[in-house]
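So the structure is just underneath, and the comments pick up after that.
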Amino acid sequence: MFNSSYEDWGYSSQPIQTDEYEDIPPVDGIYSYYNELSNPPSQTPRRDYDYPSQKSEVEESIPSHDGCGAAPQFMPLIMNDLSIPERAEILHVALSPDDRLLAASFENGSIKVWDLKSQGCLLLFDFRTEELKYGCLAWSRDCTTLLSGCIARGCLWDLSVRPRTIPCTTPPVTLLESHMAQIKAVAISPDGTTAVTGSDWSIKASHLQGEEYGNTYWSKDFKELFKELSKESSKEPSERMVIQYSPTGDMLAAALYTTIFVWTVETGSESVRCLEGPLLQNVWHFVFSADGLNILAGYNNTEFRVWNIGRCEFTTSIGAQHSGPLCPMWTMATPPTGSEVVIGYDDVLRVYPDYYDMYSGHSLGNGVSVKANTAVYSPNGQLLAAGCHDGCVCLWRRAPNSLCPWEFVSKHAQAGNSVKEIFFSQDNARLVVLTYGEGKLRVLDIVDADH
């Protein structure tokens with residue numbers, strides 16, 4: 001890791017002056033933020049910012065009738081600077097584990113980081129090389145390292161040091177071993193010791209600690225893996241790639257084309273389990289079950305499978321048919337605990353209490369059509385949010401005493417393109433929303449979200 005000190009990077013308590021990026025407000029720097037990490041106050045309020053007095057968006061809500069008190073409401077958080085450099089589209093966003101820093105990658109190769117406490121821009125890493133298509137991001141658990149996929153190389157951005165200017169002319173970055181194709185997915189292990197990057201050709205794991213920081217210690221060639229399956233990898237680039245660690249961190253899975261590869265981390269990942277999907281049908285979504293024993297996979301032919309990892313066989317296989325003809329599957333999510341699964345079809349979002357019984361489920365949406373591009377559970381499993389094709393964000397909360405396990409409570413409507421990404425903060429109190437095309441970010445506070 002870099003041994004540079006804050007002084008080496010010209011840290012100053014004075015506001016940074018820059019002529020090229022006049023839209024970036026003066027900030028007090030990241031130095032005080034990392035002092036807070038090493039010396040946290042004894043009592044810190046959960047949120048200490050002011051809510052905006054006026055709202056430009058429309059909020060709709062349904063009052064609670066189950067005796068749980070007031071239903072959660074959306075409150076937009078107005079950021080000081082969410083401007084897009086050179087109007088470039090945002091490809092991906094990632095929120096740090098401590099809910100303080102929000103990073104976004106852009107199609108021109110730059111990365112921007114906001115501080116959600118001060119509601120201002122902290123850093124702009126101007127690392128423009130070629131046009132990006134994926135721009136994947138992942139945070140380390142200590143929030144001092146940001147992993148990004150830049151063309152064919154992974155980049156480890158060291159946020160524990162202070163750059164002289166915004167944008168960084170010589171950013172503190174460690175370049176990982178190169179791939180032969182553009183990186184499409186990245187991940188950091190739950191214990192924070194390993195950075196993983198993946199492309200159509202290979203998957204590589206690198207050290208995040210010690211003297212070997214940034215060095216690759218494990219690599220697999222996907223072409224060789226497909227040969228072992230007596231099949232050839234497609235000559236065409238895959239539409240997407242997904243890399244995930246299991247909830248316990250003992251397994252690493254990567255989905256490419258029709259196959260999900262699973263490695264056991266403790267054994268050095270030399271043996272691989274291959275979960276082969278339907279012929280000519282690529283994996284579109286996959287998630288680990290809460291217990292880490294199964295993988296739930298959705299394919300682009302609308303088929304859904306529940307894979308037993310130990311036996312390398314699927315125990316449940318159905319078409320995505322909730323009513324009438326088969327419907328495309330847009331999103332899938334599982335809660336932190338239990339066997340529930342939520343699947344978004346072409347015109348409805350359905351929740352299944354048990355993924356082993358996919359023929360009984362409940363439609364969500366309070367009687368209206370919900371075409372969800374993406375859905376996500378809150379970390380405590382008590383809230384469910386969906387980003388829709390029309391740009392709306394819908395929110396449900398658990399209602400254990402009703403026929404349907406979820407109660408629709410709130411909707412945040414904003415004119416614009418469909419939602420691309422949505423995720424909760426770790427304290428269950430915020431939603432970060434990214435839309436297609438225009439590349440706009442919304443940060444929504446959820447009031448009374450602790451019920």
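Mapping of the sequence shown onto full-length UniProt numbering: residues 1 to 451, in sequence order.
We treat Cβ as the ideally placed atom computed from N, Cα and C, and that holds for glycine.
In this text the structure is predicted, and so the values were computed from the model without any measurement.
Cutoff 6 Å; reference residue 114; Cβ partners in own chain excluding five residues on either side = What you label residue 114 is simply residue 114 of the sequence shown in a count that begins at 1. Cβ within range, chain order: 102, 121.
What is the C-beta distance between residue 259 and residue 276, in whole angstroms, given that I count them as a contact (C-beta under 8 Å)?
-> For the purposes of this step, residue 259 is taken as the residue at position 259 of the sequence shown. For the purposes of this step, residue 276 is taken as the residue at position 276 of the sequence shown. Yes, they are in contact, since the Cβ atoms of residue 259 and residue 276 sit about 5 Å apart, within 8 Å.
By how many angstroms is the C-alpha of residue 112 removed from the C-alpha of residue 145?
-> Looking up residue 145 in the sequence shown gives position 145. Looking up residue 112 in the sequence shown gives position 112. Distance between the alpha carbons of residue 145 and residue 112: 14 Å.
Counterpart residues of residue 388 in DSSP-defined beta bridges | Position 388 of the sequence shown, counted from the first residue, corresponds to residue 388. Residue 388 pairs with 372.
In this structure, does DSSP put residue 116 in helix, strand or coil?
-> For the purposes of this step, residue 116 is taken as the residue at position 116 of the sequence shown. In the structure shown, residue 116 falls within a coil segment according to DSSP collapsed to helix, strand and coil.
Which of the three DSSP states, helix, strand or coil, is assigned to residue 228?
-> To locate residue 228, count along the sequence shown from 1; it is residue 228. For residue 228, the secondary structure class from DSSP, reduced to helix, strand or coil, is helix.
From this set, 105, 254, 106, 100, which residue's C-alpha is nearest residue 118's C-alpha?
-> Along the sequence shown, one-based indexing puts residue 118 at 118. The residue from 105, 254, 106, 100 with its alpha-carbon nearest to that of residue 118 is 100.
Counting pairs of beta carbons, one from the stretch 238-249 and one from the stretch 210-230, are three or more of them closer than 8 Å?
-> Counting Cβ pairs under 8 Å, fewer than three are found: no touch.
Can residue 452 and residue 105 be called in contact, C-beta distance under 7 Å?
-> Not covered by the structure: residue 452. The range shown for the chain is 1 to 451.
Outcome for residue 401 when other beta-carbon atoms lying within 10 angstroms are tallied against a minimum of 16 = Position 401 of the sequence shown, counting from 1, holds the residue named residue 401. Residue 401 should be labelled exposed.
With respect to the beta strand (DSSP E) encompassing residue 411, which residues constitute its N-terminal and C-terminal limits?
-> Here residue 411 corresponds to residue number 411 of the sequence shown, with the count starting at 1. First-last of the beta strand (DSSP E) with residue 411: 406-413.
Can you check DSSP and say which residues form a bridge with residue 253?
-> To locate residue 253, count along the sequence shown from 1; it is residue 253. According to DSSP, which records beta bridges pairwise, residue 253 is partnered with 244, 262.
CA nearest to the CA of residue 345, picked from 337, 290, 360, 329 = Taking the sequence shown and counting its residues from 1, one reaches residue 345 at position 345. Among 337, 290, 360, 329, the Cα nearest to that of residue 345 is on 329.
Determine the DSSP secondary structure at residue 62, reduced to helix, strand or coil.
-> Residue 62 sits at position 62 when you count from the first residue of the sequence shown. In this prediction, residue 62 has a pLDDT of 37, which is less than 50 and means its spatial position is unreliable; what the coordinates show is noted afterwards. Coil at residue 62, not helix or strand.
Sorted by chain position, which residues of the same chain lie with C-beta nearer than 6 Å to residue 254's C-beta, five sequence neighbours on each side aside?
-> In the sequence shown, the residue the question calls residue 254 occupies position 254. If the five residues before and after residue 254 are omitted, its C-beta is found closer than 6 Å to the C-beta atoms of 198, 203, 243, 261, all from its own chain and listed in chain order.
Can you tell me whether DSSP reads residue 440 as helix, strand or coil?
-> The residue labelled residue 440 in the question sits at position 440 within the sequence shown. If DSSP states are grouped into helix, strand and coil, residue 440 belongs with coil.
When you compare only the Cα positions, how much space is there between residue 311 and residue 124?
-> Here residue 311 is taken as the residue at index 311 of the sequence shown, counted from 1. Here residue 124 is taken as the residue at index 124 of the sequence shown, counted from 1. A direct Cα-Cα distance of roughly 47 Å separates residue 311 from residue 124.
If we count the other Cβ atoms within 10 Å of its Cβ and call it buried at 16 or more, is residue 245 buried or exposed?
-> One-based indexing of the sequence shown puts residue 245 at position 245. Buried is the label assigned to residue 245, since at least 16 other Cβ atoms lie within 10 Å of its Cβ.
Through-space distance from residue 431 to residue 425, alpha-carbon basis | The residue you call residue 425 lines up with position 425 of the sequence shown. The residue you call residue 431 lines up with position 431 of the sequence shown. Their backbone Cα atoms lie some 6 Å apart in a straight line.
Applying the criterion that 16 or more other CB atoms from any shown protein chain within 10 Å of the CB defines a buried residue, is residue 257 buried or exposed?
-> Locating residue 257 in the sequence shown gives position 257, where the first residue counts as 1. That one is buried.
Length of the line joining the Cα atoms of residue 251 and residue 188 = By one-based count along the sequence shown, residue 251 stands at place 251. By one-based count along the sequence shown, residue 188 stands at place 188. Cα-Cα distance, rounded: 12 Å.
Cβ pair residue 385, residue 343 closer than 7 Å = Within the sequence shown, numbered from 1, the residue matching residue 385 stands at position 385. Within the sequence shown, numbered from 1, the residue matching residue 343 stands at position 343. Going by beta carbons, residue 385 and residue 343 fall outside the 7 Å limit.
Look up residue 184 in the DSSP assignment and say whether it is helix, strand or coil.
-> Stepping through the sequence shown from its first residue, residue 184 is reached at position 184. Coil at residue 184, not helix or strand.
Short Cβ contact (7 Å threshold) for residue 331 with residue 375 = On the sequence shown, position 331 is the one that residue 331 refers to. On the sequence shown, position 375 is the one that residue 375 refers to. Contact: yes.
Exposed or buried, which one is residue 354 when buried takes at least 16 other CB atoms within 10 Å?
-> Residue mapping note: residue 354 aligns to position 354 of the sequence shown, counting from 1. The residue is exposed, with fewer than 16 neighbouring Cβ atoms inside 10 Å.
Assumed close pair residue 298, residue 284 - CB separation to whole angstroms, cut-off 8 Å = Here residue 298 refers to the residue found at position 298 of the sequence shown. Here residue 284 refers to the residue found at position 284 of the sequence shown. Correct: roughly 5 Å between the Cβ atoms.
Nearest neighbour of residue 92, chosen from 291, 435, 394, 392 [CA to CA] = The count along the sequence shown starts at 1 and reaches residue 92 at position 92. With distances taken between Cα atoms, residue 92 lies closest to 435.
Please determine, among 184, 440, 381, the residue with the shortest C-alpha to C-alpha distance to residue 391.
-> Sequence index remark: in the sequence shown, residue 391 carries index 391 (1-based). Relative to residue 391, the option among 184, 440, 381 whose CA is nearest is 440.
Please state if the CB of residue 137 and the CB of residue 153 are separated by a distance shorter than 7 Å.
-> One-based indexing of the sequence shown puts residue 153 at position 153. One-based indexing of the sequence shown puts residue 137 at position 137. Against a cut-off of 7 Å, the Cβ pair of residue 137 and residue 153 comes out as no contact.
What are the boundary residues of the beta strand (DSSP E) that residue 298 is part of?
-> Taking the sequence shown and counting its residues from 1, one reaches residue 298 at position 298. Bounds of the beta strand (DSSP E) holding residue 298 are 294-299.
Got a sec: is the Cβ-Cβ distance from residue 93 to anything in chain E below 7 Å?
-> Reference to chain E is not applicable here, since this structure consists of a single protein chain.
Terminal residues of the continuous beta strand (DSSP E) containing residue 216?
-> Residue numbering aside, residue 216 sits at position 216 when the sequence shown is read from its first letter. Where residue 216 is concerned, the enclosing beta strand (DSSP E) stretches over 216-221.
Beta-bridge pairing of residue 332 - partner residues as DSSP gives them = In the sequence shown, counting from the first residue as 1, residue 332 sits at position 332. Looking at the DSSP assignment, residue 332 forms a beta bridge with 343.
For residue 201, the first and last residue of its enclosing beta strand (DSSP E) = Position 201 of the sequence shown, counting from 1, holds the residue named residue 201. Here residue 201 belongs to no beta strand (DSSP E), and DSSP marks it neither H nor E.
Put residue 142 into one of helix, strand or coil per three-state DSSP.
-> Your numbering for residue 142 matches position 142 in the sequence shown. Note: residue 142 maps to coil in three-state DSSP.
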